[in-house]
Amino acid sequence: MSVRTLQNNFSRLVDMARTGHVETQPHGLPANVSWPASEIGEALKYLAQKSGLPITQDSTPRPQLDKMDKNASPAMAWSSEALERWMTLCAGSLGLEVEPVQSTYAEANHFISGMGPALLSLPPAAGEREPRLVALVKGGPWWVNLVARDGSIQLVRRDHVRNALWADAIGAQRQSVEQVLERAHITDERRPRVQQAILQEMLGAKVRQNGWLVRLPPSAALWGQVQQAGLLGAMGVLIGGYWAQLLLTIGAWWMIGQSVLEGHFEWGWLLGWLLLLFTTAPLQAWVNLTQSELAVGIGAIFKQRLLYGVMRLDPEEIRHQGVGQFLGRVLASDTVEQMGLASGFVALLALFQLAAAVLILAAGVGGWLLALLLTLWVGISMGIGWFYLRRSQAWIVVYREMTHDLVERMVGHRTRLAQEERRHWHDVEDQSLAHYLRLQQDLDQIESQLKVIVPRGWMLVGIGGLVYALLSAHPTSAQVAISLGGILFAYQAFTTIVLGFKSIVNVQLAWREIRVIFHAATLPQPKPHLGALWRPEHANNAPHTAPILTARDVEFRYQSLSRPILQACNLEIYRGEQVLLEGPSGGGKSTLATILAGLRAPQSGLLLLHNVDQQSMGEAAWRKYVVMVPQFHENYIFTGTLAFNLLMGRRWPPSPQDVSEAELLCRELGLGELLERMPAGIQQMVGESGWQLSHGERSRIFIARALLQEADVLILDESFGALDPKNLERALQCVLKRAPTLVVIAHP
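If you're matching positions, the sequence shown starts at -8 in our numbering and goes up one per residue.
Okay, structure coming up:
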C-alpha cells in the first residue's frame, strides 16, 4: 500500500472519529466501495492492479443496451446465473479466472479474514436495479482493504463487511433479537456482543455463496502463478537461509581448523566453534520448513496445470492410447512432482555449495589452481552423467512399455483366458523381462561408477592439487585450513549431487511423458464475444421460424483418413423439434453430434447457436447450451456419490433444490427402485470401487446427468440401446417431456 493511500485512509478514520458519520448505503458500507454489477469489469481491473495480478488488456467489457438485444441484456435480468456468466466473461477478457466460494454465517469472520483478492456479492437492497459487489484486496483480523470506485484503497472494519454480506438474513432476525435483548434487560455496553452471539446461534449453519475468488488461470505463466501464491518470498528465504548456513559452517570449521593447524588449543576458539554449530541447527530446521512449504505450493500449481491441460487435449490425439499409457503418464506426473521438487531443491542447494567451494579454494593455498581443478572435475562429472542419461533413456522406454502392456493385459485378462493358449501366456513377458534385465545391468554398472568416481575421484584430485601447492609455496596454517575446508565442501556437494542424480534423470525422463499435457494448458482459445455468455431468456418465446442450431457447409475428416467423413453438411434445428438421426455404422452420425456439441471443430463450415458463431460464443458457453450424451463406451461413472455423478455438470456443491430435482428425475427415469436399494440413497458411493450399476442403470444416469444441465439442445447418441422395452418407453417419455430441443441418434 502506498504512502498516499495510507494518508487517505488515516484522514478518513480521523473524520469518522470526529464527526461519527460517513456516507453509507443501506447495507452499511461506504458508498464508494460498492460496485454495481454493470461495472464488474472495472472492479476486476482495479482489483487485479492493487493485488499485483497481471492482466492481458486495460479495456473491460460493459453491457451496452444500444448494441445488444434488450431482452438478452444483463441489465434487464440479473439472475444469479446471469451474474456468474457476466463475471466469467469479464474475468476472461482480462486474462483472469473467478472461482465461486461459499461459507456459513459462523465462518463469515474467518472467511473474510483469509480472502483476497475477491469480489463479494451484497444482498439486494430495496429499490436497487442490479446487484452490487465489493472488491476485497486483502482480508485481516480487524480491518480489510476494499477497492473504491475511484481506484483507491479503503480500510473498512471486517465486522461491517460481514454484516453487509448477511444484511438480509440479519434484518429478518433483527426484530426477534431486539425483543430478546429487551426482555433480558441487556445493557447498552453488552448489547453488541450478546446480539452477535444470538445471531451466531440462529444463523450459524446458514450457507450462501458470498462471492468469487479472483486468480490467474492455470494457463497463465508459471512465474505469475508462483508470485500470486506468495512463493517468491519463500524462495528468497530458502536461498538466503542456505547461504547463511553455508557461511556459518565455513566459519565454524575455519575456527577449529586454525586452532588445530597452529598446534595450540584455546577454549575461546572451541566455544566459538560450538556456538556457530548450535546456530546452524535452527537455521537448518528453518530452511527445511521453507523447502517443504515451497514443495507443497509449487506441487499444487503443477497439479492444477496438469489437470487443466488434460481437459484441453485434443480427443483425436489421445484416442489411440490405452489405459496403460495413461497410467504411465499419471505415474510420470507423480515422479515429476515428488522427485522433481525434492531432488530439484537438493541439486540447487548442492550447486550453491559447489559455488561456495570454488570461492573457498580460490582464497586458500595456490589461489585459483584448486578452483580451476574443481571446475574441470565438474565438467568430467557432467560427461559421466551424460552417459548415464543416455542409458537411462533406453531403459525408461522399455520400462514404460512393460507398464502399458501389464495394465492392458490386466484389463483384458478375461479375453486372454478365453482366447489365448495357456502355454503362450507369458512368452512376450519373458522376452520383455530379459531385455529389461540387460538394460538394467548396464545402467547399474554406470551408476556404480558414477557414485564412486565422481566424489572420491575429486578427493584424489583435490589432495593432489593441495600437495602441489604446498610444495611450490609456503602457505600459512589459515590458508591450509581454508583449502582443506574447500576440498571437503566440494566432496560433500558431489556426494549430494550423485545421490540425487538418479532422481533428477528419472524426472527428466518422466517430463517427456507429461510435457504434452503440461503445454496443452497454454493452447490458445478464442475469447467469447461480449454478449455470448448471456443466455437469451426470451428464447423460449422466440418464433419457431428461427433455427436454434445451424450448420452450413460443414466438413470434417479424421487425421488418418484422406476422405472427409462429413462433407457439405447442412442442418437446421428449430426450437422444440425432436430430430431422429439414423444411418449405418461409420456413416458419421456420432462425428456430426460431437461437432454440434462443440467437442470437435470442423475443418470448414459455419456453426451458429442462437445466431452466434462458435468462435464468438466460446467453447464453455457452447457446451453449456448444447449438451451431448456420448455412446455408452465413451461415458463414465466417476467414483463418488450418485448425487455427484448426476449434478457434476449442473452445479457442485449442489443446493438442496438441486438434490431434490435430481432424485425426482431419477424416479421419472425408473431409477426409484435403485435409490431404495441403496443404503445411502442418492448419496451412495458408486463407480469402480462403489455400488455396481447395470448397463441400463448407467445409461439412465447418463441421460439424467444431461437433463439436469437444462441445456437448450440435448443430443443422445444411442443412449437407449441398453434399455429393455419397459424402461425404454419410460425414459423416452421423460426425455421428450423435459428436453426443449432433442436430437436422438440410433441405428436403423
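Each residue gets a CB set at the ideal place from its N, CA and C atoms; glycine is no exception. Nothing here was measured: the structure is a model prediction, and the numbers come from that model.
Rounded separation between residue i and residue j - CA only
i: proline 555; j: threonine 582; result: 11 Å
i: alanine 722; j: leucine 660; result: 5 Å
i: alanine 155; j: valine 205; result: 20 Å
i: proline 208; j: glycine 107; result: 16 Å
i: cysteine 657; j: glutamine 422; result: 52 Å
i: leucine 350; j: leucine 265; result: 24 Å
i: tryptophan 258; j: lysine 41; result: 56 Å
i: arginine 120; j: proline 647; result: 28 Å
i: leucine 638; j: leucine 705; result: 16 Å
i: proline 644; j: leucine 194; result: 20 Å
i: leucine 813; j: valine 545; result: An answer regarding residue 813 cannot be provided, because it is not within the stretch -8 to 739 covered by the chain.
i: asparagine 136; j: glutamine 145; result: 6 Å
i: glycine 142; j: leucine 367; result: 57 Å
i: histidine 601; j: isoleucine 103; result: 40 Å
i: leucine 684; j: glycine 672; result: 14 Å
i: proline 115; j: alanine 634; result: 31 Å
i: valine 228; j: phenylalanine 343; result: 14 Å
i: glutamine 499; j: alanine 484; result: 21 Å
i: valine 168; j: leucine 190; result: 8 Å
i: leucine 267; j: tryptophan 260; result: 11 Å
i: glutamine 316; j: arginine 400; result: 12 Å
i: glutamine 187; j: valine 24; result: 24 Å
i: glutamate 528; j: valine 726; result: In this predicted model, glutamate 528 has a pLDDT of only 47, less than 50, meaning its place in the structure is not dependable; the value taken from the coordinates is given anyway. Distance between the alpha carbons of glutamate 528 and valine 726 is about 22 Å.
i: tryptophan 157; j: isoleucine 539; result: 40 Å
i: glutamine 724; j: glutamate 72; result: 28 Å
Same chain only: Cβ atoms within 6 Å of residue i, ignoring 5 sequence neighbours per side
i: leucine 170; result: The residue you asked about is not leucine; residue 170 is glutamine in the sequence shown. Nothing meets the Cβ criterion.
i: asparagine 531; result: Confidence at asparagine 531 is low in this model, with a pLDDT of 49, below 50, so the placement of that residue should be treated as unreliable; the coordinate-derived value is given next. Contacts found: none.
i: alanine 362; result: Val349, Leu352 and Ala353
i: isoleucine 375; result: Leu441
Test item: CB-CB of residue i and residue j under 9 Å
i: alanine 323; j: tryptophan 203; result: no
i: valine 89; j: alanine 82; result: yes
i: leucine 297; j: isoleucine 505; result: yes
i: arginine 548; j: leucine 557; result: yes
i: alanine 713; j: arginine 696; result: no
i: leucine 364; j: valine 471; result: no
i: tryptophan 245; j: glycine 476; result: yes
i: glutamate 679; j: threonine 630; result: yes
i: serine 210; j: alanine 512; result: yes
i: arginine 591; j: proline 132; result: no
i: arginine 641; j: glutamate 701; result: yes
i: valine 198; j: threonine 95; result: yes
i: leucine 747; j: valine 138; result: Residue 747 lies beyond the residue range present for the chain, which begins at -8 and ends at 739; the question has no answer from this structure.
i: leucine 430; j: tryptophan 386; result: yes
i: asparagine 636; j: isoleucine 694; result: no
i: leucine 80; j: alanine 109; result: no
i: glutamate 654; j: leucine 666; result: yes
i: phenylalanine 480; j: alanine 347; result: yes
i: glycine 105; j: glutamine 219; result: no
i: glycine 448; j: isoleucine 371; result: yes
i: tyrosine 616; j: aspartate 703; result: yes
Assumed close pair residue i, residue j - CB separation to whole angstroms, cut-off 8 Å
i: glutamine 236; j: glutamine 275; result: 6 Å
i: arginine 382; j: isoleucine 292; result: Not quite, the Cβ-Cβ distance comes to about 32 Å (not below 8 Å), so this is no contact.
i: glutamine 93; j: glutamine 200; result: 4 Å
i: threonine 750; j: methionine 619; result: This structure leaves residue 750 out entirely; the chain is present only between -8 and 739.
i: alanine 730; j: leucine 698; result: 7 Å
i: glutamine 622; j: glutamate 709; result: 5 Å
i: leucine 124; j: isoleucine 31; result: 7 Å
i: leucine 742; j: valine 735; result: The displayed coordinates of the chain run from -8 to 739. Any statement about residue 742 would go beyond what the structure contains.
i: isoleucine 473; j: leucine 304; result: The Cβ separation is near 56 Å, so there is no contact.
7 Å Cβ shell around residue i - same chain, five flanking residues per side excluded
i: alanine 338; result: Ile488, Gly491 and Ile495
i: serine 74; result: Strictly speaking, residue 74 in this sequence is leucine, with serine absent from that position. Result list for leucine 74: Ala28 and Pro122, in chain order.
i: leucine 461; result: Val356
i: aspartate 57; result: Per-residue confidence for aspartate 57 stands at a pLDDT of 39, beneath the threshold of 50, marking its modelled position as unreliable; no derived number is given.
i: glutamine 166; result: none
i: tryptophan 277; result: Gly232
C-beta neighbour in chain C for residue i, strict 9 Å
i: leucine 365; result: The structure shown contains no chain C, having only a single protein chain.
Beta-carbon proximity list for residue i, same chain, < 8 Å, skipping 5 on both sides
i: methionine 450; result: Ile478 and Tyr482
i: alanine 464; result: Val356 and Gly357
* Fully enclosed by the stretch 107 to 180, which alpha helix (DSSP H) runs are 4 residues long or longer? -> 149 to 156 and 158 to 174
* Asked: Whole alpha helix (DSSP H) runs in the stretch 205 to 246 with 4 or more residues, listed along the chain?
  -> Taking only runs of at least 4 residues, the alpha helix (DSSP H) segments lying wholly in the stretch 205 to 246 are 213 to 219.
* Whole runs of the alpha helix (DSSP H) within the stretch 414 to 493, excluding any shorter than 4 residues -> With a minimum length of 4 residues, the unbroken runs of alpha helix (DSSP H) contained wholly in the stretch 414 to 493 fall at 418 to 463.
* **beta strand (DSSP E) runs wholly inside the stretch 379 to 406, at least 3 long, in chain order** => none
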